[in-house]
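Engineer: Sending over a structure as structure tokens; questions will come in a sec.
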Amino acid sequence: MKVVDLTGKTFGCLTVIKRADNKNKAVYWLCECECGNTKEIIGTSLTSGKTNSCGCLKTEIFSQIVSKDKENTQIEGINIHLLARKKLNKNNTTGVTGVYKHGGKFVARISFKRKDYNLGTYSTLEAAAKVRKMAENRLYGEFLEWYYETFPENKK
């Protein structure tokens with residue numbers, strides 16, 4: 000199979016620097032994003048238009064949507080409105096935020112300050128929910144406590 004050289008070509012915010020190592024028989028390219036990040040991206044994602052940034056565009060677009068929602072809701076990349084809400088996402092199947100079923104077990108996860116944390120895999124929903132709640136109290140609780148002390152006018 001002849002590979003078309005994408006070096007120097009631009010796809011959205013990405014400029015191809017050079018060919019990277021192949022992975023699983025797919026051709027990857029080292030790209031530099033307009034934001035300054037570099038990332039290896041599969042060639043077909045570039046040429047099809049599926050990928051056009053390092054991920055910064057999604058973050059930027061989401062931030063714009065959120066900032067229209069309520070003034071000053073973002074601090075250190077954290078959306079206070081989403082953090083403090085109690086409503087479940089529509090696609091939640093366990094009834095517990097941050098817990099999903101995988102292979103007959105329950106996986107607990109949490110995200111905070113743009114980092115994802117795997118809290119473990121448990122045989123019962125109750126155990127996974129307990130660990131998730133502890134993580135929420137630790138991460139979100141301390142942060143929200145500081146936020147509402149610092150910005151009491153934003154407390155609901």
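Residues in the sequence shown are numbered from 0 upward in steps of one, following numbering that gives the first Met the number 0. All C-beta atoms in this analysis are idealised placements derived from N, C-alpha and C, irrespective of residue type, glycine included. None of the values given here were measured: they were computed from a predicted structure.
Indicate the three-state DSSP secondary structure (helix, strand or coil) for Lys129 in the structure shown.
Structural biologist: In this structure, Lys129 counts as helix in the three-state DSSP scheme.
Engineer: Buried or exposed: which applies to Ala25, given that a residue is buried once 16 or more other Cβ atoms fall within 10 Å of its Cβ?
Structural biologist: Classification of Ala25: exposed, given that the 10 Å Cβ count is below 16.
Engineer: Might you give, ordered along the chain, the residues of its own chain that have their beta carbon closer than 8 Å to the beta carbon of Cys34, omitting 5 neighbours on each side?
Structural biologist: The residues are Cys12, Ser52, Cys53 and Cys55.
Engineer: Residues bridged to Ile40 by DSSP?
Structural biologist: Trp28, per the DSSP bridge assignment.
Engineer: Ordered along the chain, which non-local residues of its own chain (more than five positions away) have a Cβ less than 6 Å from that of Asn117?
Structural biologist: The residues are Arg108.
Engineer: Taking all protein chains shown into account, do 16 or more other C-beta atoms lie within 10 angstroms of the C-beta of Trp145, making it buried, or fewer, making it exposed?
Structural biologist: Trp145 comes out exposed.
Engineer: Taking 8 Å as the cut-off, does the segment 120-131 touch the segment 93-105 (at least 3 CB pairs, one atom from each stretch)?
Structural biologist: The segment 93-105 is in contact with the segment 120-131.
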